[in-house]
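Comments concern the structure below.
Numbering (my numbering), first residue to last: 687 to 1147.
Right under this line is the structure:
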């Protein structure tokens, strides 16, 4: 080919400049690493993390002082929602995450997030998943794992008591477990508490530490407690409003009082439905031991991690066999003795659920008693109205009898008032006697008909 200006000959490879490829690193995770390891992929880049440590500050104070201080800095990403994360030690922080980040973090299906959405805001459910528990109880919408809690919409006024309870109770229980696990063998073998705590990857999972519930059940207990207190207060407020209104209706049946009772019945029906949903969900769990066993997240986590933890810790720390025997015979127990645990034992959870089931059943009975009082008041009002209706009917019947007697007298007077020849017209002084006679006859006729009606019990005594 030619070497003119229109030559298509390729230039040599030495004159070609290539841009070096850029290395793309793994995006940082928006969640801080929990105290115990968790095997989950890092969240996507669409997560905006705005950490607000509320460990030493009440959530109510955060809201009062503009809780957006930790969330103001950045705008929410598309689809991101505000969550509050609690670890097992009660340390909390505010984060903004999208659905994909939460799904990967908690290893739950996408439909569980829809259950926590506004569409199912009036439903109550406690769902067990492989690594998490989805809690949707009234206003409490949370995802609980063996190591942390993700609370949705934590700055709502109804959710603040639940968040404060978690911040108050979790550190105390975690500290008590550490204090119980610390002195296991410090006196005998000189093994420090930090080594023991490292060897116990999940303190709540140890079978010997049965004085406290596992982490996920502690969170569930706080949630049920807050919900039961809220429902009890709602029922108490309903009772304070109901009884005076019903007593006033029994004394005075008026349109205003009837409207108040109608509004009261509507509120009672809604409240009863809410209590019934929570009660039915707990009853459903109590009826199925398999579902309750699936809620033991710490037990499942320990069952999966126990062999690796035992091998790794025994190789690194060289724990002696006598020490293992001492650790297994101690009251606090260890992972060695947990090999013989019954993974189908749901007694702790069953006792927990039964306690709150009975409390909710008592709340439901209070609502039913108020409804029964409303029904009794309505029956009493109906009896009063029926009595008044009967009195009106009796009055109408009496007036009808009187009208009949007057009509007979009018008939006689009308007959004699016609232009017909009659010998009585020629007699003097007969008019007064005649009028008095037909009037007396009409009165007598009235009493005869009235007595007949009384005899037939058509009128009251």
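From the three backbone atoms N, C-alpha and C, an ideal C-beta is built for every residue, glycine too.
For residue i, three-class secondary structure by DSSP
i: residue 1036; result: helix
i: residue 1044; result: helix
i: residue 978; result: helix
i: residue 774; result: coil
i: residue 1104; result: coil
i: residue 1142; result: coil
i: residue 828; result: strand
i: residue 820; result: strand
i: residue 1092; result: helix
i: residue 1170; result: Past the boundaries of the shown model lies residue 1170; the chain is included only from 687 to 1147, so the question cannot be answered.
i: residue 844; result: coil
i: residue 761; result: Low per-residue confidence applies at residue 761: pLDDT is 42, beneath 50, and the placement is therefore not dependable, though the value from the model is reported in the following sentence. In this structure, residue 761 counts as coil in the three-state DSSP scheme.
i: residue 1130; result: helix
Beta-carbon proximity of residue i to residue j, cut-off 7 Å
i: residue 1177; j: residue 1087; result: Residue coverage of the chain in this structure runs from 687 to 1147, which leaves residue 1177 outside it and unanswerable.
i: residue 776; j: residue 900; result: no
i: residue 931; j: residue 848; result: no
i: residue 1093; j: residue 1131; result: no
i: residue 958; j: residue 1053; result: yes
i: residue 769; j: residue 836; result: yes
i: residue 914; j: residue 1045; result: yes
i: residue 802; j: residue 785; result: no
i: residue 978; j: residue 1038; result: no
i: residue 1067; j: residue 939; result: yes
i: residue 1101; j: residue 1124; result: no
i: residue 827; j: residue 813; result: no
i: residue 852; j: residue 902; result: no
Same chain only: Cβ atoms within 8 Å of residue i, ignoring 5 sequence neighbours per side
i: residue 1138; result: none
i: residue 1059; result: 928, 929, 932
i: residue 806; result: 800, 822
i: residue 924; result: 950, 953, 954, 957, 1053, 1056
i: residue 943; result: 931, 934, 935
i: residue 739; result: Confidence in residue 739 is poor, its pLDDT being 47 and thus under 50, which makes the residue's placement unreliable; the coordinate value appears in the next sentence. Hits under 8 Å: 777, 778, 779.
i: residue 1108; result: 1102
i: residue 1110; result: 1102, 1116, 1120
Nearest to residue i (by Cα), restricted to the options the options
i: residue 772; options: 1031, 830, 982, 1051; result: 830
i: residue 780; options: 791, 767, 790; result: 767
i: residue 774; options: 827, 1038, 833; result: 833
i: residue 972; options: 960, 1031, 1066, 908; result: 1031
i: residue 810; options: 821, 800, 804; result: 821
i: residue 951; options: 1108, 1063, 1039; result: 1063
i: residue 1128; options: 943, 903, 1096; result: 1096
i: residue 947; options: 827, 1076, 1061, 852; result: 1061
i: residue 782; options: 943, 765, 852; result: 765
i: residue 1075; options: 920, 1105, 1112, 1145; result: 1145
i: residue 975; options: 1033, 936, 989; result: 1033
i: residue 1143; options: 1073, 1080, 1110; result: 1080
i: residue 1140; options: 1083, 960, 934; result: 1083
i: residue 917; options: 960, 1112, 1110, 1111; result: 960
Sequence-distant residues of its chain with Cβ nearer than 6 Å to residue i (five each side left out)
i: residue 794; result: 815, 818
i: residue 905; result: 830, 835
i: residue 840; result: 770, 849
N- and C-terminal bounds of the beta strand (DSSP E) containing residue i
i: residue 923; result: Counting along the chain, residue 923 falls outside any beta strand (DSSP E), though it belongs to the alpha helix (DSSP H) covering 901-937.
i: residue 966; result: Segment 941-972 is the alpha helix (DSSP H) holding residue 966; no beta strand (DSSP E) there.
i: residue 838; result: 834-838
i: residue 813; result: 811-814
Nonlocal neighbours in the same chain, by C-beta distance under 7 Å from residue i, ignoring five residues either side
i: residue 1042; result: 910, 914, 968
i: residue 825; result: 842, 844, 845
i: residue 965; result: 1043, 1046, 1047, 1050
i: residue 962; result: 1050
i: residue 1040; result: 972
i: residue 1070; result: 939
i: residue 907; result: 899, 1038
Enclosing alpha helix (DSSP H) for residue i [first to last residue]
i: residue 799; result: 796-801
i: residue 792; result: 785-792
Closer than 6 Å: residue i CB and nearest the ligand GDP heavy atom
i: residue 978; result: Summarising the ligand content, the structure contains no ligands, and the ligand GDP is consequently not present.
Below-7 Å beta-carbon distance, residue i vs any chain B residue
i: residue 810; result: This model lacks chain B altogether, as it is built from one protein chain only.
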